[in-house]
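Here the structure comes first, spelled out in structure tokens, and everything after it is commentary.
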């Protein structure tokens with residue numbers, strides 16, 4: 001009796017800490033070691049280069065946090081890339097006329113508003129999030145192009161660019177602060193609050209969540225709004241770091257963010273995910289970008305290699321999850 | 001016996017022009033198991049929804065411990081101490097047993113965060129009391145067998161039900177041994193002094209578990225019998241409407 005119990009205890013421990021949960025960490029380590037050896041003379045391992053990777057991935061990491069919530073609830077948000085550009089442009093234009101505070105409100109507000117539109121259509125009009133956000137992705141890509149007639153708007157407010165981009169506090173660059181704080185809050189909300197539990201339950205079994213008294217539409221509205229707001233924040237970070245906003249910002253981020261989130265152990269169909277995993281996934285994507293450039297690959301070769309590696313990583317992390 | 005824990009009086013339910021249930025009256029007493037039987041389409045599911053609060057009846061009254069109540073959704077039913085074990089169990093498969101036990105009603109600690117320690121402790125205590133054999137409160141639902149899942153769903157209802165537990169086909173998807181185990185758990189619930197309303201297609205099970213049997217046919221209540229004073233032939237005749245010779 002007691003030995004049988006121990007047996008099942010061990011079994012459940014093994015399934016709780018199964019290997020597949022650590023794929024992202026192993027993949028991260030493998031890519032890191034590969035570049036560390038291959039690029040030992042090209043400056044990959046310098047503190048400057050490594051911290052650059054973290055700085056460059058900050059917006060992707062921030063968006064990935066939002067997408068973990070969205071995907072855990074069983075939805076998807078394809079509009080985040082377009083939100084980045086709209087938010088960055090809204091902030092840049094507003095800062096120029098009304099100052100920094102108004103600019104931050106405009107940027108974040110644009111993101112939250114688009115997220116609310118996505119969320120309301122999904123939660124209350126009951127349209128599939130894939131189609132809603134596919135449509136708003138295109139719609140707001142158009143909006144960002146027409147906002148400034150394709151022109152780039154420079155951001156000269158130094159407090160803003162310091163706070164959201166090039167500044168530092170206690171010797172740590174502000175983009176790293178943003179990453180650390182966002183990950184910490186995201187992880188806490190996701191893992192330790194009722195809201196996080198309800199997001200997971202909604203994505204896992206919406207009917208069960210609903211009969212358990214969870215307001216499924218509110219959860220759907222909330223996750224898409226969070227995603228929109230975080231994409232807005234990512235737009236501010238781009239505008240701060242580049243000291244300018246343009247309609248091309250965030251254009252190519254969608255695939256990177258989705259890959260980071262899935263490789264990080266979040267299920268596309270909802271019910272399971274990890275904020276910390278998404279961070280590691282995001283850093284992995286950044287490292288890949290950086291390493292392939294240092295290896296001297298042409299842009300087209302980079303795209304091919306990156307695509308293949310993402311495909312492999314996604315295949316490995318999704319394998320036997322659909323048991 | 002004491003006052004009925006659940007009292008349904010002259011319940012009628014119309015959907016548009018169709019009458020799904022009419023003239024339905026039933027009392028369930030604490031510590032009693034009442035079985036609701038009837039052929040497919042007899043109105044059992046509608047009654048489950050009325051008792052659990054999902055559908056308010058078109059007319060008639062529902063009283064809990066003598067007090068009339070009005071309910072328009074399942075949350076109100078739960079607030080009145082009525083818990084349902086749904087046929088599909090309504091479990092979130094990728095979450096742990098303890099998170100499912102507290103789904104939608106998670107306790108919080110003084111920092112406003114999930115009180116996992118309390119959820120785990122209470123889950124383990126209840127699972128032990130009911131003798132639901134699961135590996136641990138941390139186990140993920142999808143790693144459990146059908147019988148274990150059913151056990152978790154019943155344990156959850158037991159934890160929250162202060163008045164009435166509604167079991168909708170609790171063993172329809174289970175094997176022989178698992179069915180026996182679940183039946184054992186259901187019988188043990190009688191000691192908790194709640195009313196139990198069970199819907200089942202298996203007359204063997206109904207005769208094994210219930211104190212009284214209520215028969216529905218085409219939305220009409222055919223009759224209520226004490227299990228000890230009736231037999232399968234009579235119940236079958238009542239279900240099918242074919243009079244015995």
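Protein chains in written order, with our numbering: chain A, 1 to 323; chain B, 1 to 245.
Here a beta-carbon is modelled for each residue, glycine too, at the ideal position from N, C-alpha and C.
All figures in this text were calculated on a predicted structure; none of them were measured in a lab.
Is there a Cβ of chain D sitting closer than 9 Å to that of residue 265(A), yes or no? In summary, chain D is missing from the structure at hand, where the protein chains are A and B.
Name the DSSP bridge partner or partners of residue 56(A)? Its beta-bridge partners do not exist; DSSP assigns none.
Can you look up residue 13(B) in the DSSP assignment and give me helix, strand or coil? strand
What whole-angstrom Cβ distance do residue 74(B) and residue 58(B) have, given they're in contact under 8 Å? Not really, about 18 Å apart at Cβ, beyond 8 Å.
Contact the stretch 54 to 66 of chain A vs the stretch 166 to 176 of chain A: 3+ CB pairs below 8 Å: yes
Pull out every residue of the stretch 176 to 197 of chain A whose Cβ sits closer than 9 Å to any Cβ of chain B, in chain order. 188, 191, 192, 193, 194, 196 and 197
Would you say residue 147(B) lies against chain A (beta-carbon separation less than 9 Å)? no
Please name the residue, chosen from 170(B), 19(B), 61(B) and 179(B), that lies closest to residue 25(B) on a Cα-to-Cα basis. 61(B)
Integer-rounded CB distance, given that residue 86(A) should sit under 8 Å from residue 120(A): That pair is no contact at about 17 Å.
Using 9 Å as the limit for Cβ to Cβ distance, is residue 178(B) near chain A? no
Please identify the residue among 220(B), 236(B), 225(B) and 241(B) whose C-alpha is closest to the C-alpha of residue 46(B). 220(B)
When you compare the CB of residue 117(B) with every CB in chain A, is at least one pair closer than 9 Å? no
Below 8 Å on C-beta distance, what does residue 213(A) contact in chain B? 74, 75, 78, 104 and 105
Strictly under 9 Å for the Cβ-Cβ distance: is residue 208(A) near chain B by that measure? yes
What is the DSSP secondary structure of residue 220(B), counted as helix, strand or coil? strand
Expressed to the nearest angstrom, what Euclidean distance is found between the alpha-carbon atoms of residue 247(B) and residue 29(B)? Because residue 247(B) is not part of the residues shown, which for chain B are 1 to 245, the question remains open.
Would you check if there are 3 or more beta carbon pairs closer than 8 Å linking the stretch 257 to 276 of chain A to the stretch 98 to 110 of chain A? no
Could you list the residues in the stretch 55 to 72 of chain B with a C-beta less than 8 Å from some C-beta on chain A, going in chain order? none
Is residue 157(A) helix, strand or coil when you go by DSSP? coil
Using a Cβ-Cβ cut-off of 9 Å, state whether residue 88(B) counts as contacting chain A. yes
Cβ neighbour criterion (16 or more within 10 Å) applied to residue 303(A): exposed
Where residue 218(A) meets chain B, residues with beta-carbon distance less than 8 Å: Here the premise fails: no neighbours, minimum Cβ distance about 12 Å.
May I ask which residues mark the beginning and end of the beta strand (DSSP E) holding residue 68(B)? 67 to 69
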